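This report refers to the structure that appears directly beneath it.
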Amino acid sequence: MYLALLVSSIYISSFDLKFHRISNKSLVASAFFFQLLQLLQRSPVHPRSALLVLAITPFFLLIGVGAGDLKLLILLSFFFLPFSLSTLVEFLAGFTVVSVYLILQTSLTRRSLRSNIALAPAICGAVIWCARSSEDLSQYVNALAYSR
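Each residue of the sequence shown is one higher than the one before, counting from 1 in the UniProt record's numbering.
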């Protein structure tokens, strides 16, 4: 699942950086691929995380976050973000770090923050960080379970 997340994130983030949009086709293809892998690997899904993002979507739309960014976040939270306070803190920290970098890059290259900022790299980067942490933890728990 982690490799699929990396590949999907690279494609979607590159597209967003270049065109400032996230296509529905790439989201549907990613969802299909993640679901297939989830069924084959019997990985957990996290509907409460996706529902939380869905619940706060109106607020994000009011502050100007794009619908594609929100659909991406809902998709990735469903497959990769466990519903916990520690995951939320990790996600927000990762999102903040990458967002600050993107804002600095935008202000230095375009000299205006009024232009659109591609958020897919920040969303994907934060989810990759959280998924990596989650995968490390699950490997540790499995190692403990099988060591007895």
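For glycine and all other residues, C-beta sits at the position ideal for the given N, C-alpha and C.
Keep in mind that this is a model prediction, so the values were computed, not measured.
- Excluding the 5 residues flanking it on each side, L102 has same chain C-beta neighbours closer than 8 Å at I117, A118, L119, P121 and A122, in chain order.
- The alpha-carbon of L104 is positioned some 17 Å away from that of S13.
- Distances from the alpha-carbon of F15 to those of S26, L5 and L6 put S26 closest.
- Of the candidates C124, F59 and L76, L76 places its Cα closest to the Cα of V45.
- In this structure, L5 lies near F80, with their beta-carbon atoms less than 8 Å apart.
- Per the coordinates, the alpha-carbon of L92 lies some 7 Å from the alpha-carbon of A126.
- In its chain, beyond the 5 residues on either side, V53 and I123 have a beta carbon closer than 6 Å to the beta carbon of L73.
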